[in-house]
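Okay, structure first, notes after.
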Amino acid sequence: MAQKRKAARNENDNFISPAKRRFYPSSNKEREPANQHAFDPYPPAKVYRLIEPGPVLLVTTGSLVKRTHNVMTIGFHMVIQHESPPLIGISLGPWDASFAALKKQRECVLAVPSVEMAEVVVDIGNCSKDDEELKESSKWERFGLEALPAGKVKAPLVGGEHVIANVECVVEDAKLVPKYGMWVLKPVKAWINPKKKPGEGGKMFHHRGDGIFVIDGEVLDLKNRMVKWQEFQD
Ligand SMILES: Cc1cc2nc3c(=O)[nH]c(=O)nc-3n(C[C@H](O)[C@H](O)[C@H](O)COP(=O)(O)O)c2cc1C
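Numbered according to UniProt numbering, the sequence shown spans residues 1 to 234.
See below:
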């Protein structure tokens, strides 16, 4: 019997035992009708809902001194590089007033709000400086936000007890902007709220992409397993 099986294998390099067949379907046709595993198909256009990393951020642009400052909400951003220099990517839609401001000034502030600000942060992301009713005032007034002078850029920091941090940035690279609205930013100065450090009182919130948010939860300390990456654990 064993010899017969071996012979069959030699005859056909693609031999797959019946037991394995459900994991290795022999043709696409066979693969289509039913899942061969426990996963369901998921629309590629919605995968951002699975991996949008968050946290939700505020982006301030314009000039505090000239009173042209604005603020918007973003969920699409990523860390690109730790150092030499540190780099962060943010994706802004060209329809946003903030996009034009960033293009003109090439600097901004990324503020990290804590969960207490979630509702107001969502409201900030649901109106524009270009809206008729905001022409005379600003989102800062409408939402009672505090604009503070930054150290190295003209755009303001976002003040208040529920802001975790502010990161002053300059545009390092705009090559991906025409195609993806992706701005590569270099942080030039950063500020942390000592009472709201992440994991020590400050809880960030993360957009799942469809108006649903998750809040920072339990902290898992696996530093002792990060043997290859000790330089990033201070
Ligand atoms: C939770 C949330 C996340 C958002 N993420 C982004 C984003 O990553 N990029 C973007 O361009 N707009 C994003 N928006 C939409 C902008 O905040 C929105 O277009 C805003 O009106 C822009 O303001 P402005 O026109 O004054 O610049 C988001 C909005 C919300 C509520």
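Beta carbons are placed, not taken as given, at the ideal position from N, Cα and C, and that holds for glycine.
Looking at C-alpha atoms only, which residue of PHE213, CYS127, THR68, GLU132 is the closest neighbour of LYS104?
Checking every option, the nearest Cα to that of LYS104 belongs to THR68.
At a threshold of 7 Å, does LYS40 count as lining ligand 1 (C-beta to nearest heavy atom)?
According to the sequence displayed, residue 40 carries Asp and not Lys. For ligand 1, not one heavy atom lies less than 7 Å from the Cβ of ASP40.
At what residue ranges does the region 177–215 contain a whole run of the beta strand (DSSP E), taking only runs of 3 or more?
You should have 182–192, 205–207, 213–215.
Could you pull the DSSP bridge partners for SER91 from this structure?
Beta-bridge pairing links SER91 to MET182.
Beta carbon of ASP216, beta carbon of LYS203: below 8 Å?
A contact, by the Cβ cut-off of 8 Å.
CB of ILE51 to nearest heavy atom of ligand 1: below 7 Å?
No, the Cβ of ILE51 stays beyond 7 Å of every heavy atom of ligand 1.
Can you list, in chain order, the residues of its chain whose CB lies under 8 Å from that of ARG49, leaving out five sequence neighbours each side?
If we look at ARG49 and ignore the five residues flanking it on each side, its Cβ neighbours are ARG208, GLY209, ASP210.
My guess is that GLU168 and LYS189 are in contact by the Cβ rule of under 8 Å, so how many angstroms apart are they, rounded?
Contact holds; Cβ gap of about 4 Å.
Do LEU148 and PRO113 come within 8 Å of each other at the CB atom, strictly closer than that value?
No. Outside cutoff.
Just checking LEU92 against ligand 1 - is the residue's beta carbon closer than 7 Å to any of the ligand's heavy atoms?
Under cutoff, so the answer is yes.
From VAL79 to GLY62, what distance separates their C-alpha atoms?
Each residue's Cα considered, the two are about 23 Å apart.
Beta-carbon separation of VAL170 and LEU157 under 8 Å?
No, they are not a contact pair.
In this structure, how does DSSP classify MET226 when only helix, strand and coil are distinguished?
If DSSP states are grouped into helix, strand and coil, MET226 belongs with coil.
Just reading off the beta strand (DSSP E) that GLU168 is part of, what are its end residues?
163–173 is the extent of the beta strand (DSSP E) around GLU168.
Name the residue from VAL177, LYS228, VAL214 whose alpha carbon lies nearest to the alpha carbon of ASN94.
The sequence shown places Pro at residue 94, not Asn. Checked all of VAL177, LYS228, VAL214; the closest Cα to PRO94 is VAL177.
Quick one: using the 10 Å Cβ neighbour count with 16 as the cut-off for buried, is VAL121 buried or exposed?
Buried, because 16 or more other Cβ atoms sit within 10 Å of the Cβ of VAL121.
HIS77: buried (16+ other C-beta within 10 angstroms of its C-beta) or exposed?
Its Cβ being crowded by 16 or more others within 10 Å, HIS77 is buried.
From this set, THR60, ALA118, PRO43, which residue's C-alpha is nearest ALA150's C-alpha?
Closest option to ALA150, Cα to Cα, is THR60.
Starting from VAL153, trace the alpha helix (DSSP H) in both directions and tell me its first and last residue.
No alpha helix (DSSP H) holds VAL153; DSSP gives it neither H nor E.
For ALA174, which residues in the same chain have their Cβ closer than 7 Å to its Cβ, ignoring the five residues on either side in sequence?
Result list for ALA174: TRP183, in chain order.
Can you find the residues in the same chain that come closer than 7 Å, C-beta to C-beta, to PRO44, ignoring five residues on each side of it along the sequence?
Within the same chain, PRO44 has no close Cβ partners at all.
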